[in-house]
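Residue numbers (the working numbering), protein chains in the order written: chain Z, 1 to 363; chain H, 364 to 726.
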């Protein structure tokens, strides 16, 4: 069980040499795959899919059956933690996630408690264990969580938002209340990720999806600080193996040096970031993960291959790159384009290492 | 007519010393003002408001009657240019702008023509002239346009978008077609802004609202290049006065050095940018405009004042700062908070210059 047939992904996260650049795709088990939609229809809803360890295992493995991906990622929702805190997660038809009881009153905020992941999120730990068994050592399993700030956005807004006015009004008027939520979230996320590690996750990723909506100072005080708290509380090893961590702040390209300094093993890059500049800025402190524009996958196979090669050229063949998109894959992606992407990344990065790739076209 | 009572804004754009930091607010004539909503209701629709020079003049002046702002900005829509190209701009109830005939077919794209601003956009030039007369030299009038790329986003998508999939698919599959649209747009925007200058605009601003959605290389090739083309074609002087230009790419914080190098007089900053770092990166090549998080204005008056002082501290008292928000003002802003903001910026920046302000709290 502990012996991996393909540990390229884990080695790249630890900046060790690999024969090629490993890749996986954010939201790789998702609506662009007909088999995913079939399973989801069978489950009855997205939440039922998340709550069933066997169905979560089924969809986690679907993209791996189709494509030669180098990692699996736990299929789950990023809002499981606040749901376990009692906020009442639900999905309205055709809309994003919502909470029945968003946090608006001080007494509600003061009453927040850190959920025990084995008690309140046992279905996630069961899924992690079942996926690990089903993977049978083929590729590593990534566990994940939303960041403390990203969870707080949903918890205070009660839904997605285009201006984050409730959480930002709290930030500017009652920073003490927001800090309290973030303290609780940071402990909850740490416990949740450590439980995933104990249940079998071989790497963990923290999605700071909304940190990039913050003003530069507020980012440090209300998002980065709690990301650091989570990272410093993570188990570094399990079962004799290092468990690398990845931190991804979407829209955080201006703050890469600071993110790279919080102790994580790798930093995720969105597609607006120039990989060569990113590497120059963070030095060799961390691995980098990214960063193809997900919209490339809606173009022709030839464009997919060309853009993938550009990303690989920009990162160069040095150790410490995990190929990914700069954001989750679009549901409109033709599945055959993903096959082109996977094959191009594997073949071209092998060539780069043997010195036979094209010269980079310049920045 | 040519003598300005208050030219603080223009001098700050040219990095000349001023007694205090001038300010204006993006979308300052807008739905947060009850008098605006009253005029708009009288006009019947947003587009009728834009098409009537006298009503456009009325709403342009409304925020200046309430607040001691240092500039007026032409009230208009950013999509007037593609509308003049024949795409058929309309507003569906409760939704953003849409085009009846978005650009999808090659023949439609090849048929695009640069509109004559005096013929097809005469109502805008009439508004500029009427606003200048009504301002009677009190403060300068800013003309504006959307950037070539931002206009292309709407022209190809046919509406706003959260993933820009149509325009990005064109970018990756048929860059020649997108370049053709951008060439036409760049010429159209240049002519449009020059006509505004000839009609009385004393400074111009180019809003690159969606450039920040592009991958780093695509930004240079498909947005920045055409911004540069527009800037280099702008009239630098009119009526014996310099006409400064401001370029604002929302989400462009990573590319400030490149934006500052295209020949504009000032660069707009959104709220994610650290002003002290921005100044260090662009040197003294340009003035900087920004960058308070617009959501601050939804908080308490005390928070508004504190956050405004933080922005002023971060920019420091050196010449070359125009205070603004990092994005358009929210329709949910209480009008009294804008009064607090204006008074704080004027009073505190005077103190900064006399050396009596608080020391910056550090970055």
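Even for Gly, the Cβ is constructed at its ideal location relative to N, Cα and C.
Non-local beta-carbon contacts of residue 385/H in its own chain, meaning distances under 6 Å to residues more than five positions away in sequence, involve 371, 372, 375, 433 and 685 in chain order. The beta-carbon distance between residue 621/H and residue 510/H, rounded to whole angstroms, is 14 Å. This is too long to meet the 8 Å contact definition.
Under the three-state reduction of DSSP output, residue 295/Z falls in the helix class.
Here residue 313/Z is buried, its C-beta having at least 16 other C-beta atoms within 10 Å. Straight-line measurement puts the Cα of residue 142/Z at about 10 Å from the Cα of residue 243/Z.
Listed in chain order, the alpha helix (DSSP H) runs fully inside the stretch 263 to 312 of chain Z are 275 to 282, counting runs of at least 4 residues. At least one beta carbon of chain H lies nearer than 8 Å to the beta carbon of residue 254/Z. Listed by position along chain Z, the residues whose Cβ is nearer than 9 Å to that of residue 575/H are 251 and 272. Cα atoms of residue 516/H and residue 570/H: separation of roughly 13 Å, rounded to the nearest angstrom. Contact of residue 528/H with chain Z by beta-carbon distance below 9 Å involves 295, 298, 330 and 332. As the crow flies, the alpha-carbon of residue 651/H is around 17 Å from that of residue 591/H.
In this structure, the straight-line span from the alpha carbon of residue 425/H to that of residue 436/H is close to 11 Å. Between the stretch 120 to 128 of chain Z and the stretch 169 to 182 of chain Z there are fewer than three inter-stretch CB-CB distances shorter than 8 Å, so the stretches are not counted as touching. Residue pairing of residue 600/H in beta bridges, as defined by DSSP: 605/H. Here the alpha carbon of residue 709/H sits roughly 42 Å from the alpha carbon of residue 263/Z. Of all residues in the stretch 532 to 544 of chain H, only 532, 535 and 536 come within less than 7 Å of chain Z when Cβ atoms are compared, listed by chain position. At least one beta carbon of chain H lies nearer than 8 Å to the beta carbon of residue 303/Z. With fewer than 16 neighbouring CB atoms inside 10 Å of its own CB, residue 48/Z falls in the exposed class.
Under a 10 Å Cβ-count criterion, residue 307/Z is classified as buried, with 16 or more other Cβ atoms of the shown protein chains found around its own Cβ.
In this structure, the straight-line span from the alpha carbon of residue 279/Z to that of residue 319/Z is close to 11 Å. Residue pairing from DSSP places residue 386/H in a beta bridge opposite 686/H. Remark: C-beta atoms of residue 137/Z and residue 3/Z approach each other more closely than 8 Å. Only residues of its own chain outside the window of five on either side were considered, and among them 45, 46, 47, 97 and 98 have a CB closer than 8 Å to the CB of residue 91/Z, listed in chain order.
Of the other Cβ atoms in all chains shown, 16 or more fall within 10 Å of the Cβ of residue 352/Z; this residue is therefore buried. Taking 8 Å as the cut-off, the Cβ atoms of residue 199/Z and residue 134/Z do not count as close. Taking C-beta separations shorter than 8 Å and ignoring five residues to either side along the sequence, the partners of residue 687/H in its chain run 386, 387, 388, 389, 631, 652, 653, 654 and 655, following chain order. In the structure shown, residue 460/H falls within a strand segment according to DSSP collapsed to helix, strand and coil. Given a length threshold of 3 residues, each whole run of the beta strand (DSSP E) inside the stretch 34 to 91 of chain Z is given here in chain order: 89 to 91. In the displayed model, residue 551/H falls within a helix according to three-state DSSP. Residue environment for residue 699/H: exposed (fewer than 16 other C-beta atoms within 10 angstroms of its C-beta).
If you keep only unbroken beta strand (DSSP E) runs of at least 3 residues inside the stretch 482 to 543 of chain H, you get 504 to 509. Between residue 270/Z and residue 250/Z the beta-carbon gap is near 5 Å, inside 8 Å, which marks them as a contact.
If you look at residue 571/H, you'll find it in the beta strand (DSSP E) that goes 566 to 571. Comparing alpha carbon positions, the residue from 640/H, 450/H and 711/H closest to residue 673/H is 711/H.
Looking at the backbone, the Cα of residue 261/Z and that of residue 218/Z are separated by about 17 Å. In terms of beta-carbon proximity, residue 41/Z stays away from the interface with chain H, with every pair separated by 8 Å or more.
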